[in-house]
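Colleague:
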Amino acid sequence: MKALLNVENISKSFGKLNANKNITFNVATGEILAILGENGAGKTTLMNIIFGHYLADKGTIKFNNNELKPGDPKAAISAGIGMVHQHFTLAENLTVLENTLVGTQSLYHPNLTKRKSIDKLNYLAREFGLELDPKQLVRNLSVGEKQRIEILKTLFSDCKLLILDEPTASLTPQEVTTLFTSIRKMVTNGVSVIIISHKLNEILEISDRIVVLRSGAVVGEVKTKNADKTQLGEMIVGHKINRPNRGKNVIGETKIKLCSISVKSDNGTSILDKVTLEARGGEIIGIAGVAGNGQKVLAETMSGHVTPAFGTIYINGKNLTGKYPEDFMRSGVAYIPEDRNLDGTIGDMSIWENVILSETKNTKIFQKNGILNRINSHNLAHAVCQNNDVRYQSIQQPARLLSGGNIQKLLIGRWLIRKPNVIIACQPSRGLDEGAISTVHKTLLSERKKSTAIILISEDLDELLLLSDKILVLYNGKLSETIENRNVNINQLGLKMAGEGF
Amino acid sequence: MRLEAREQTPAWLPWIAIISSSLATLIFAAVLIIVAGASPIEGFYELFRGAFGSKNSIAETGATATPLIFTGLAAAVAFRARFWNIGAEGQLYIGALATTFFGTGLIQFAPFIMIPFLFLMGFIFGALALLPLVLLRQYLKVDEVVTTLLMNFVIILLVSYLLEGPWKDPYSLGWPQAAPIVDSGVLPQIIPRTRLHLGFAIAVSIAIVIWYVQTKTLFGFSTRAVGFNPSAAKHSGISVTKTMIGVAILSGGIAGLAGVSETAGLKGYLTLDLSPGFGYTGIAVAMLGNLHPIGVIFSAMFIAVIYVGADAMSRAIEVPTYLADVIVASTILTVLVSLVLIKYRIIFKGKF
Amino acid sequence: MILELLELLFNAGFWAATIRIACPLLMATLGELICERAGVLNLGIEGIMTIGALVGWTTVYLGGDLSTGILVAALVGASFGLLHALFSVYLGASQHVTGIGITLFASSIGYYSFRILLPSSTTPPKIVAFQTIEIPVLSDIPFLGIALFQHTTFTYFAFLMVPIVFWLMNKTPLGLAIKVAGENPMALEAQGLDVLFIRTIALMIGSALMALGGAYLTMSAFDAFYFGMVNGRGWIAIALVIFASWQPFRALLGAILFAAFDAFQVRAQQLAGAFIAYQFFLMLPYILSIVAMIFAAKSTHYPRALLIPFRRGERH
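Residue numbers (the numbering used here), protein chains in the order written: chain A, 8 to 509; chain B, 137 to 488; chain C, -15 to 300.
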């Protein structure tokens, strides 16, 4: 088959990080190519280069044997490349139709051609099993539906090569099946597909050929039908990393208890609905569920940042309902937020300042009269970095120069100074490399041993199964009943995540 | 064209950038002088002579710098926490109102109590003028830029009402001005028989105090954290609202001090032209001082030189005095460019 | 007295005055609305109105005709929009500081040029401004004729801007792109459009409208240029945009309500001036704006990407 896309010797670095090193591969017409690799392997950077969001330092991209103008998404689109980003690029306050129409017409045209476009959109939707109401506002749609708009956008611009970046990341297993059906329909219609993923099973199911990336370089390429699962696994990771063993735990007293908590949004819709949850010392309670089902609000409620409309929260037996985050911290709650750059660290402040950020009530750091003790602060920062394997050049360097893994280790280390009773960890290993993930997991397990209660909110089922003692599913603001880890049935869990039984 | 974040910024780079932006502004001013049909060399000579030519002119520059240090600090303190207080002009007048209310005979103390008392009152009322607006921002998300701007108009109308009505000095020959500040409240001169008064020394000391607070205390630390990333600060147990309220009290209070210093130091009584826009110029002062309290002292001096010098220059070579305002305004813009260039490198590659 | 004030509502002259007062606010509000929908808060508005008032007037004073005056004002406004864009869009500098800087810069350079043009005039010279045009037939309708159809061309032009801006924002590809730039710039980028360019265009169109709002003051409402004549109208327009939930027709409603209040205030001042000092009446528009902002603050319609600079190629 003739090659539709040729990627030749692409290299790209961000500062000191070499995100892509001399990458070469091609995609044939009507083929589904999978780019497989763990988080941070350089997959998304590569796709952003093909699509023109980023400018490569070196290398060329040819589409239909013509060189693509680098750094220009418009050139990629008009050549026939479409991309569905992992983080959707949709204007929430506009309709499905408006989102599809942006950029499809000359800017200086006096009139949006709405009617004809609705017909085309409806036709495409029917053809590929992507049904949507064009006049619906995007903010009212589910994650799966938003993804359909993104795919429709590319089809609307007559795309010949569709790039899907981690398309299954926030889908339920059932939604994944629907997506794969649509993809197969597109391929029969002559569209080629690049699918980026770190999920081995899904890749084996959908793709024709697999290219494996590790640390920014191509480390292997196989036809899917000849692929061997263990061999691929090794290619992805490079060297075997031992997953920690959960070991035995001693169950202690109840450390955190939520009784029938309800939270409403500003416009009155329910975000959390009568959530009841309890964690005892030495327990890891896993909260499974697809993103956007109330995870963040649940975590923020447990850490005092959101005050529930109804219900009571007890920390160590003390009723803290309606109290401030400071009170939760004083009772020993540590909250590792999902977005560590936005909610966790301050990139423009130095490492040592980030370490003492949560120590403002510590009289060794800030004396009674509010004067900063610099020596103690620096010592503490050194200690936190050393105890938690944070790799840094100087504690004076701004935190934004740290890698994601080091930022996460710093954040967790900062909380551990306070000897927490309760740790609320939100997606603690998302986007980290294997080494950092393993450190984070070991830290959580060692805290479990110290009889800390841990609430682990994660979208990653593997992580939940590995660490949790009990698992609950959060769907549409409601919690399922508790399932003991040893009794878990994956299919059943998947169905629950899709809303069965709520 | 695209911008790429710099990995490291050397500590001296901001100051180099700020000096070069001052130079850029002066070059721009030279163009404007040429447009007005005069010689820029002669113009700058007159400007310099006007600002430094005699004991009197140096004192005049210091006297003009005084309110600018206060309003510059007010803006710098607020902007550092990303609290956009554009209302220093109004808070200055509130400080002046407080000075007039307490200082024209209502209470009498010995000077060493009276003067601190007037400053304290100016601070409290300046802070109170800003307090409701910071509460609106924190609790109801009302943009403070617009509310502080609008309050300036309201406050100046209030001053106008008081000066034409109940507070009008019967001995003022019909001019809208308030009664003079009692002798014990008047700030002594630093250089005798000039207009340079104690307010200047107080302004400089306040700047040093602020510098200490910002670098050595919990409040300063929290302010920086909240300014850079309020969400991360909140998640680490720092109360954003409390910090913001503290910042507003400090910012509004310091702007109020400018009013005390101008009323009790420079003029001796409140008039409607007490401030020719010192509140707005304070923004330029703060930007040019890199939002650093000590930097503010120097940038206030620089801008005072421009104001006093431009006044002299316009008399000597007939260039409109508004040149000073143009210079101040373009300073804000040139500093803004240089601040971006400190954090980012421009890369001219790819499409523009 | 209250009765007399109520009678105003049935006085055609009062409504005609309202329409006149509304015009500069309306154009400025529409201009700000376009900028904000693209994700840029344009605090240069006050200065751009001042410079618009000045150059519109100057063009006519120097012998240009009135329509040339309008055109020049719009062009100068657009170029200040471009300047704003260079700072806030291309360099990604703080929109707050850029705006305040532009306002101070535009007004001071305006005053400077005015003084160079007229070094020593105490009474500002006058031009022949837009004259009232009575629309045939319609202007004879009782009440409505006087209130709505006996105005200057510039006034009709200002009101025509409402449907035009509505059409731009809701019916054209450019308007759609502007809205997306203010909601989620990545969505534009992903569709191959240049976010920075779109935001720049929006700032230029919006700033041109603001300058026209200023020009209305010197070319239609009055016939001379005074220092400080914009007098906070720009800031009020920003409050009106929030009140209008970023919708052109609601901006019209807001401008009329606000202008009616202002006209009302002027009359009330004449009637009650003896008991209440005029300054308190003059304060009302500013206080009303603050109140309007408080009530509209919870609005969920604000453009999601407002105030956030967009940098191409940065890792998201």
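Where is the CB? At the ideal position from N, CA and C, for every residue including glycine. Everything numeric in this text was worked out from a predicted model, so none of it was measured.
Looking at chain B, is there any beta carbon in it that lies within less than 9 Å of the beta carbon of G245 (chain A)?
Modeller: no
Colleague: From the DSSP output, which residues share a beta bridge with F259 (chain C)?
Modeller: F259 (chain C) is not bridged to any residue.
Colleague: When DSSP labels each residue in this structure, what does I(-14) (chain C) get in the three-state scheme?
Modeller: helix
Colleague: Just grab the DSSP bridge partners of R287 (chain A) for me.
Modeller: A:T261
Colleague: Rounded to the nearest angstrom, what separates S465 (chain A) and R288 (chain C) at their Cα positions?
Modeller: Across the structure, S465 (chain A) and R288 (chain C) are spaced so that their CA atoms are roughly 27 Å apart.
Colleague: Among the candidates A:D273, A:Q93 and A:G293, whose CA atom is the shortest distance from the CA of D469 (chain A)?
Modeller: Ranking A:D273, A:Q93 and A:G293 by Cα distance to D469 (chain A) puts A:G293 first.
Colleague: Against chain A, does M170 (chain C) count as a neighbour if the rule is that its beta carbon must be under 9 Å from one of theirs?
Modeller: So, interface residue.
Colleague: Please classify E196 (chain B): is it buried, with 16 or more other beta-carbons within 10 angstroms of its beta-carbon, or exposed?
Modeller: buried
Colleague: Can you tell me whether DSSP reads K416 (chain A) as helix, strand or coil?
Modeller: In the structure shown, K416 (chain A) sits in a helix (DSSP, three-state: H, G or I).
Colleague: Report the residue from A:I461, A:I202, A:K281 and A:T175 whose alpha carbon sits nearest the alpha carbon of M54 (chain A).
Modeller: A:I202
Colleague: Distance check for G506 (chain A) and I268 (chain A), CA to CA, integer angstroms please.
Modeller: 20 Å
Colleague: Looking at the strands, I want to know which residues DSSP matches up with E212 (chain A).
Modeller: DSSP output for E212 (chain A) lists no bridge partner at all.
Colleague: If I measure Cβ to Cβ from K503 (chain A) and keep anything under 6 Å in the same chain, skipping five residues before and after, which residues do I get?
Modeller: V480 and S487
Colleague: Could one say the Cβ of N221 (chain B) lies closer than 9 Å to chain A's Cβ atoms, at least one of them?
Modeller: Not closer than 9 Å to any Cβ of chain A, the Cβ of N221 (chain B) fails to qualify, so no.
Colleague: Pull the bridge partners of T319 (chain A) from the DSSP assignment, please.
Modeller: Its beta-bridge partners are A:C266.
Colleague: Does DSSP classify F206 (chain C) as helix, strand or coil?
Modeller: coil
Colleague: In the stretch 44 to 106 of chain A, which residue ranges form an unbroken alpha helix (DSSP H) of at least 4 residues, counting only runs that do not cross its ends?
Modeller: 50 to 58 and 80 to 86
Colleague: Please look up how many angstroms separate the CB atoms of T202 (chain B) and G321 (chain B), rounded, as I've assumed it's under 8 Å.
Modeller: So it is not a contact: roughly 17 Å between Cβ atoms.
Colleague: Provide the residue(s) that pair with E118 (chain C) in DSSP beta bridges, ordered along the chain.
Modeller: Looking at the DSSP output, E118 (chain C) bridges to C:Q134.
Colleague: Whole angstroms are fine: how far does the CA of T2 (chain C) sit from the CA of D246 (chain C)?
Modeller: 8 Å
Colleague: Is D172 (chain A) helix, strand or coil when you go by DSSP?
Modeller: strand
Colleague: Count the other CB atoms, across all protein chains shown, that sit within 10 Å of the CB of I230 (chain B); report buried if there are 16 or more and exposed otherwise.
Modeller: buried
Colleague: Roughly how far, in whole angstroms, is the beta-carbon of A12 (chain C) from the beta-carbon of G212 (chain C), given that I think they are within contact range, below 8 Å?
Modeller: Between G212 (chain C) and A12 (chain C) the Cβ distance is about 16 Å, and since that is not below 8 Å, they are no contact.
Colleague: Based on DSSP bridge pairs, tell me the residues matched to A465 (chain B).
Modeller: Answer by DSSP bridge pairing: none, since A465 (chain B) is not bridged.
Colleague: Which one of A:G484, A:K255, A:G324 and A:M309 has the shortest CA to CA distance from A341 (chain A)?
Modeller: Comparing alpha-carbon positions, the option among A:G484, A:K255, A:G324 and A:M309 lying closest to A341 (chain A) turns out to be A:M309.
Colleague: Does C166 (chain A) come out as helix, strand or coil in the three-state DSSP assignment?
Modeller: coil
Colleague: Check whether chain C comes within 9 Å of P80 (chain A), counting only Cβ atoms and requiring the distance to be less than that.
Modeller: yes
Colleague: Just checking: is the beta-carbon of M449 (chain B) within a distance shorter than 9 Å of some beta-carbon in chain C?
Modeller: Chain C contact via Cβ: absent.
Colleague: To the nearest angstrom, report how far apart G508 (chain A) and N498 (chain A) are at their CA atoms.
Modeller: 13 Å
Colleague: Going along chain C in order, which residues have a C-beta closer than 7 Å to the C-beta of F289 (chain B)?
Modeller: G216 and Y270
Colleague: I'd like to check one pair, G49 (chain A) with I30 (chain A): are the Cβ atoms closer than 9 Å?
Modeller: The answer is yes: Cβ separation under 9 Å.
Colleague: If we cut at 9 Å on Cβ distances, does T353 (chain B) have a partner in chain A?
Modeller: yes
Colleague: Please report whether the beta-carbon of M188 (chain C) lies at a distance below 9 Å from any beta-carbon of chain B.
Modeller: Answer no: the Cβ-Cβ gap between M188 (chain C) and chain B never drops below 9 Å.
Colleague: Inspect the beta-carbon positions of R217 (chain C) and E30 (chain C) and report whether they are closer than 9 Å.
Modeller: yes
Colleague: Hey, out of A:L101, A:L97 and A:F32, whose CA is closest to R155 (chain A)'s CA?
Modeller: A:L97
Colleague: Under a three-way DSSP split, which group does E491 (chain A) fall into?
Modeller: In the three-state DSSP reduction, E491 (chain A) falls in the strand class (E or B).
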